[in-house]
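Here is the structure we will look at.
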Amino acid sequence: MNPQAKLIFALSLTLGTTLTISSNHWIMAWTGLEINTLAILPLISKSHHPRAIEAATKYFLVQAAASTLVLFSSMTNAWHTGQWDITQLSHPTSCLILTVALAMKLGLVPFHFWFPEVLQGSSLIVGLLLSTLMKFPPITLLYLTSPSLKPSVLMTMAILSTALGGWMGLNQTQTRKILAFSSISHLGWMAIIIAYSPKLALLNFYLYTLMTAAVFLSLNSIKALKLSTLMTTWTKAPSLNAILLLTLLSLAGLPPLTGFLPKWLIIQELTKQEVALAATIIALLSLLGLFFYLRLAYCATITLPPHTTNHMKQWYNNKPTNTMVAVLTTMSLMLLPISPINLAVV
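FYI, full-length UniProt numbering numbers position 15 of the sequence shown as 15, with every residue one higher than the one before it.
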């Protein structure tokens with residue numbers, strides 16, 4: 001792709017995201033979402049592969065429908081209350097429609113079907129954008145409107161997302177699809193807490209973005225799109241493979257790694273809010289996710305193929321690891337000790 005075109009799309013993504021997260025008026029927020037959608041579409045379809053074109057089409061249709069619902073929700077609220085302010089969402093029908101719209105934008109169950117397919121049709125870098133940057137504006141809108149939304153609806157969606165994200169990821173062999181279901185599962189954790197502690201949901205999102213970026217960039221460095229490729233990458237970049245193992249375990253939420261922090265705080269907050277049953281269920285369902293993270297970690301660090309078919313060994317790569325990957329992986333492993341600071345903020 002032309003560098004000038006890439007620059008225009010990158011600036012458009014930045015503009016769209018900034019416009020949505022900084023606006024008070026629904027029309028401005030909707031405009032930002034539309035700019036974002038239109039800017040990412042050429043990046044998804046740039047390879048001209050049929051799967052990429054299909055992914056771009058699916059993404060466009062789902063995001064257009066979700067944006068329409070956002071507009072419809074805000075117009076309904078303005079019709080009944082005369083308010084276009086994002087934080088003044090008070091009409092029950094508008095709240096319900098907005099919950100559906102943002103669930104579609106984020107890929108929460110039962111509106112998750114598009115996300116794994118779109119991620120599978122994209123490159124790893126575009127997949128990273130779809131999993132992190134593109135979810136920031138909807139999460140911000142969810143944060144701003146959280147006092148108006150029904151906790152019971154969000155909790156149901158959250159538990160279903162965590163269950164389905166873990167369950168569907170079990171039998172996948174493509175790393176991008178595994179990370180898509182991982183994203184759906186993590187969004188469940190954010191959705192369950194946002195009605196009780198919005199700041200905690202944002203903290204979870206930031207740490208999820210950090211860890212997901214580390215995994216995507218590591219996989220991009222070793223060009224691993226399938227589990228079978230991941231099995232032979234130890235010859236190419238052994239040190240990066242070892243760190244990838246720990247980053248995946250952090251994404252799974254194992255102590256003493258960074259990923260344990262949001263899960264610990266969310267379970268603690270849910271227990272304080274007297275929804276210990278939901279906390280227990282979501283904690284147990286995260287074990288499903290742990291299984292496929294362990295599977296990925298096992299494939300990343302295996303030194304012999306598990307069957308007799310000859311694998312193509314990759315050449316050892318003595319290039320230094322990308323600085324960004326090094327910084328992100330280090331932060332993905334070592335942020336748990338600063339949890340007292342986070343507790344003070346939350």
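The C-beta atom is built at its ideal place from N, Cα and C for all residues, glycine as well.
If you count every other CB in all the chains shown that lies within 10 Å of the CB of residue i, and 16 or more means buried, which is it?
i	result
lysine 177	buried
alanine 242	exposed
histidine 112	buried
asparagine 2	exposed
methionine 324	exposed
leucine 277	exposed
alanine 5	exposed
glycine 82	exposed
histidine 48	exposed
threonine 18	exposed
alanine 64	exposed
tryptophan 79	exposed
threonine 145	buried
phenylalanine 291	exposed
leucine 61	exposed
proline 110	exposed
leucine 33	buried
threonine 271	exposed
phenylalanine 9	buried
leucine 11	exposed
valine 327	exposed
serine 22	exposed
isoleucine 341	exposed
Give the range of the alpha helix (DSSP H) segment to which residue i is assigned.
i	result
alanine 6	The displayed chain sequence assigns lysine, not alanine, to residue 6. Taken as a continuous stretch (DSSP letters only), the alpha helix (DSSP H) holding lysine 6 covers 3-22.
serine 239	238-252
tyrosine 196	First-last for tyrosine 196: undefined, no H or E at that position.
residue 378	Look at the range of the chain in this structure, 1 to 346, and you will see that residue 378 is not part of it.
valine 109	No alpha helix (DSSP H) holds valine 109; DSSP gives it neither H nor E.
tryptophan 264	260-272
threonine 139	The amino acid occupying residue 139 in the given sequence is isoleucine; threonine does not appear at that position. Counting along the chain, the alpha helix (DSSP H) containing isoleucine 139 begins and ends at 136-145.
isoleucine 282	276-301
serine 332	323-334
histidine 121	Looking at the sequence provided, one finds glycine at residue 121 rather than histidine. Counting along the chain, glycine 121 falls outside any alpha helix (DSSP H), and DSSP gives it neither H nor E.
In the DSSP output, which residue or residues are listed as bridge partners for residue i?
i	result
glutamine 174	Lys226
histidine 49	Paired residue(s): none; histidine 49 is not in a bridge.
histidine 186	Histidine 186 pairs with nothing; no bridge assigned.
histidine 25	Asp85
Ordered along the chain, which non-local residues of its own chain (more than five positions away) have a Cβ less than 8 Å from that of residue i?
i	result
glycine 259	Leu207, Met211, Leu249, Ser250, Leu251, Ala252, Gly253, Ser332
threonine 308	Unreliable positioning characterises threonine 308 in this predicted model, as indicated by a pLDDT of 47, which lies under 50. The coordinate reading is nonetheless provided below. Closer than 8 Å at the Cβ level, and outside the excluded window around threonine 308, lies no residue.
serine 221	Ala237, Leu240, Thr321, Asn322, Val325
alanine 283	Lys263, Ile267
threonine 76	His91, Thr93, Ser94, Ile97
serine 218	Leu240, Ile243, Leu244, Thr247, Val325, Thr329
leucine 154	Thr99, Ala191, Ile192, Ile194, Ala195
lysine 226	Thr173, Gln174, Thr175
leucine 336	Pro255, Pro256, Leu257, Thr258, Phe260, Leu261
Skipping 5 residues on each side, what residues in its chain have a beta carbon closer than 7 Å to that of residue i?
i	result
alanine 101	Ala66, Leu69, Val70, Ser73
proline 138	Leu102, Lys105, Leu106
lysine 135	Leu106
residue 348	The structure shown does not extend to residue 348, since the chain is modelled only from 1 to 346, so the question has no answer here.
alanine 224	Thr175, Leu230, Thr233
leucine 168	The question names leucine, but residue 168 is methionine in the sequence shown. So the qualifying residues of the chain are Phe181.
leucine 149	Cys95, Thr99, Ala195
glycine 297	Sequence inspection shows alanine at residue 297; the glycine mentioned does not correspond to that position. Answer for alanine 297: Leu245, Leu248, Leu249, listed in chain order.
alanine 39	Phe9, Ser12, Leu13, Gly16
Tell me whether residue i counts as near the ligand PLP, meaning its Cβ is closer than 7 Å to at least one heavy atom of that ligand.
i	result
glycine 32	Within the structure as shown, the ligand PLP is missing, as the structure has no ligands at all.
Going by beta carbon distance, what residues of the same chain come within less than 6 Å of residue i, once the five residues before and after it are set aside?
i	result
residue 368	Past the boundaries of the shown model lies residue 368; the chain is included only from 1 to 346, so the question cannot be answered.
phenylalanine 115	Gly107, Ala180
leucine 246	Leu333
serine 339	Leu261
proline 151	Ala195
isoleucine 53	Ser45
valine 118	Ala55, Lys58, Tyr59
glutamine 273	Tyr196
alanine 214	Thr247, Leu328, Thr329, Ser332
Checklist entry - Touch check for the region 187-195 and the region 157-170: three-plus C-beta pairs under 8 Å? => result yes
Checklist entry - Per the contact definition of three or more C-beta pairs closer than 8 Å, is the region 77-92 in contact with the region 25-34? => result yes
Item to check | Validate contact between the region 198-207 and the region 118-125 using beta carbons, cut 8 Å, 3 pairs | outcome: no
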